[in-house]
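Numbering (this note's numbering), first residue to last: 987 to 1125. Glycine included, each C-beta is placed from N, C-alpha and C at the ideal position. Model, not experiment: these values are computed from the prediction.
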Amino acid sequence: SYPRDMNVLVIDDDSDDIELFREAIYELSSDIVCWTAKDGEEGLRMLTRDLIVLPDYILLDVNMPLLDGKQTLARIKQHTRLKTIPVFMYSTTSNDREISHMKTLGARDFIIKPPTFERLVKMLKSVLLKGHVPVPSSR
């Protein structure tokens, strides 16, 4: 089971994706608080000014306008109060060089956005319960 006071911040410019993540997190446990930000700027503002309690995890979309995921990640990791929060980057596609670069910037791991809601729930369960991304099974 999940800690009763777990908080997750999802930063994504796509409102449909935000809703999907919010529903998947709620499916895992109604005790998990899910905050959302529509872009990197709003996410950083929430983290540095608006939120009294910091999130246990940040789920961060790579491809966003204005401040993209990599720039947002770099700013999070430069901030003394925020740099220890595990950040999971996600996108629909993967590029090994990009993934390596994001890990160098401080991302805990990279997630390829699953094609189905059920797989998203399963993936989030692994991330939020164990703090790491599972190796995809061949089944």
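Cβ pair residue i, residue j closer than 7 Å
{"i": "P1101", "j": "M1109", "result": "no"}
{"i": "L954", "j": "L1059", "result": "Residue 954 lies beyond the range of the chain shown here (987 to 1125); nothing can be said about it."}
{"i": "C1020", "j": "V1039", "result": "no"}
{"i": "G1029", "j": "I1071", "result": "no"}
Where residue i sits in the DSSP three-state scheme
{"i": "K1082", "result": "The question names Lys, but residue 1082 in the sequence shown is Asp. Helix."}
{"i": "I1062", "result": "helix"}
{"i": "P1120", "result": "Here the model assigns P1120 a pLDDT of 41, short of 50, so the residue's position is not dependable and the matter cannot be decided."}
{"i": "M1109", "result": "helix"}
{"i": "L1053", "result": "coil"}
{"i": "D1075", "result": "The identity of residue 1075 in the sequence shown is Met, whereas the question assumes Asp. Correct three-state label for M1075: strand."}
{"i": "L1115", "result": "helix"}
Backbone CA spacing between residue i and residue j [nearest angstrom]
{"i": "E1084", "j": "R1061", "result": "17 Å"}
{"i": "L1037", "j": "R1031", "result": "9 Å"}
{"i": "M1050", "j": "I1011", "result": "22 Å"}
{"i": "Y1043", "j": "R1094", "result": "10 Å"}
{"i": "D1017", "j": "E1005", "result": "17 Å"}
With 16 other Cβ atoms within 10 Å as the buried cut-off, status of residue i
{"i": "K1056", "result": "buried"}
Problem set entry | Within the stretch 1003–1050, ranges of the alpha helix (DSSP H) (whole runs, at least 4 residues) | Taking 4 residues as the shortest admissible run, the stretch 1003–1050 contains the following complete alpha helix (DSSP H) segments, listed from N- to C-terminal end: 1026–1031.
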